[in-house]
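Here is the structure we will look at.
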DNA sequence: TAGATTGTTAATCGATTAACAATC
DNA sequence: TAGATTGTTAATCGATTAACAATC
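Chains as they are written, first to last, in my numbering: chain A, 315 to 524; chain B, 315 to 524.
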């Protein structure tokens, strides 16, 4: 099955926000909501919400709106939250270790299966029952442990090399925290989180404002 | 001076990437580069690069292109990198502490002046010479220490409250890692880094692909 | 001067918003 | 049935790309 309507990234990026808010409404016990009300609460137009959702199906009902619990479930499913993903982290410095410890992680069905680093001082340490292994053991590890997602916290210098190893070992998606643009085949999914870019954007806006 | 051409976020988000690449070229000793070449190397169109840069000035020269070192300096200045920013971190959990330790931080002229948390177990600890203080001391602290940027790593539940305190104490910009949308006056700059949204986007794309 | 490449205007493309017939 | 609100088509807005005169 190929649900390829070629949905734009702009739409996909809004889905987690919808899902989160619908989750909040579910907890509050709200039963139904219209696109108008949802839009007002979330700061979107009703039109945009209807357009966005209709990329994935007809979840609403004329004259009624959307059933909160159902829509929440649908969104969770679209976001792949009823699946389970196997994850490795490469680079266990400050931020790598912090994210390895991130408990919200497991709640989103991301199962941490391996941590790799080059630093002999930390190899062997355990984070949440997962041992930090030497990066040289990575290829061997992948033989026995098929992995869905690799999260890169290495230096920029190593990131491309690590990315190549991931790609060559059937990893399908990469979350990249190293401040470079990775070169990967077209069928590999990459999301970048460039912290220093966010800081610089902020500093740029501050600078503009004065 | 009001350099308000109302430059779009799409443009501003590309500036750190330009600056980073120009820095790399400077190090490599490259002296000049055309928008065409730059575009090919970075995966943008030459047209877009010229449009983007011309929002800020005429940095190029017909028939020659751009002087790498000069453009690098200009971009650094536009990004506010020749200024110094005073920063506080609120929420010193895993990720908050990791970022407090982040050395790249200082390189970008972000000077960490304070860390605050509610957890009595970690209050008093020092991270890079900065003591973690009780969040209740925050208002008093701001009296003597004017701060430019607040970075929020608290839970979603506390984030809005913290944001309000920042805003009421002349903090001008907020980097928000809590997965909620903050409510702030129009003149306050907010950048969101929603890690779980990035993870969900990735998982959504993986899900779409199969 | 001739060639190269800019800055900028015009054309295109895509995303958002508005409008409205369909229908619960 | 009448009112509400959807799904969807059409209009608008903004961002990207193409084109080209200006000029180094």
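Where is the CB? At the ideal position from N, CA and C, for every residue including glycine.
For chain B, check one thing: does any of its Cβ atoms lie closer than 8 Å to the Cβ of residue 512(A)? The residue you call residue 512(A) lines up with position 198 of the first chain. True, the Cβ-Cβ gap to chain B drops below 8 Å.
Determine the extent of the alpha helix (DSSP H) in which residue 521(A) is found, giving its start and end residues. Residue numbering aside, residue 521(A) sits at position 207 when the first chain is read from its first letter. Per DSSP, residue 521(A) belongs to the alpha helix (DSSP H) from 509 to 522.
Considering residue 489(A), what are the terminal residues of the beta strand (DSSP E) in which it resides? Here residue 489(A) is taken as the residue at index 175 of the first chain, counted from 1. Note, residue 489(A): beta strand (DSSP E), 487 to 490.
Residues within the stretch 338 to 354 of chain A neighbouring chain B, beta-carbon criterion of under 9 Å: none
Whether or not the stretch 392 to 404 of chain A and the stretch 429 to 443 of chain A are in contact is what I'm after, with contact meaning three or more pairs of Cβ atoms, one per stretch, closer than 8 Å; do they touch? yes
Our contact map puts residue 519(A) next to residue 487(B) with C-beta atoms below 8 Å; I'd like the distance itself, whole angstroms only. Here the question's residue 519(A) lines up with position 205 in the first chain. Here the question's residue 487(B) lines up with position 173 in the second chain. Residue 519(A) to residue 487(B), Cβ: 7 Å. Contact.
Distance cutoff 8 Å, beta carbons only. Does residue 507(A) sit that close to anything in chain B? In the first chain, residue 507(A) corresponds to position 193, counting from 1. Cβ-Cβ to chain B under 8 Å: yes for residue 507(A).
Mapping the DSSP letters down to three states, classify residue 394(A) as helix, strand or coil. Here residue 394(A) corresponds to residue number 80 of the first chain, with the count starting at 1. Residue 394(A) falls in the coil class under three-state DSSP.
On the three-state DSSP scale, how would you describe residue 375(A)? As a working mapping, residue 375(A) is identified with position 61 in the first chain. Residue state, collapsed to three classes: strand.
From which residue to which residue does the alpha helix (DSSP H) around residue 408(A) run? For the purposes of this step, residue 408(A) is taken as residue 94 along the first chain, with counting starting at 1. Element bounds for residue 408(A): 408 to 414.
Would you say residue 414(B) and residue 441(B) are within 8 Å of each other, going by their C-beta atoms? Within the second chain, residue 414(B) is the residue found at index 100, counting from 1. Within the second chain, residue 441(B) is the residue found at index 127, counting from 1. Yes, the pair counts as a contact, with Cβ atoms nearer than the cut-off.
Only counting the same chain, and skipping five residues up and downstream in sequence, which positions put a Cβ closer than 7 Å to that of residue 382(A)? Taking the first chain and counting its residues from 1, the one referred to as residue 382(A) is at position 68. Excluding positions up to five away in sequence, the list reads 336, 339, 340, 344, 345, 346 and 347.
Taking the continuous alpha helix (DSSP H) assigned at residue 351(A), which residues delimit it? For the purposes of this step, residue 351(A) is taken as the residue at position 37 of the first chain. Unbroken alpha helix (DSSP H) run through residue 351(A): 349 to 356.
Which partner residues does residue 381(B) have in the DSSP bridge list? Your numbering for residue 381(B) matches position 67 in the second chain. In the DSSP output, where bridge partners are listed per residue, residue 381(B) has 346(B).
Positions along the stretch 322 to 336 of chain A whose CB lies within less than 9 Å of some CB in chain B: 323, 326, 327, 329, 330, 331, 333 and 334
Cα separation between residue 527(B) and residue 327(B)? Residue 527(B) falls outside the range modelled here, since chain B spans only 315 to 524, and no answer is possible.
Just to confirm the assignment: which complete beta strand (DSSP E) runs, minimum length 3, are found wholly within the stretch 429 to 458 of chain A? 444 to 448
Given this structure, state the Cα-to-Cα distance separating residue 332(A) from residue 505(A), to the nearest angstrom. On the first chain, residue 332(A) is found 18 positions in, with the first residue counted as 1. On the first chain, residue 505(A) is found 191 positions in, with the first residue counted as 1. The straight-line gap from Cα to Cα measures roughly 19 Å.
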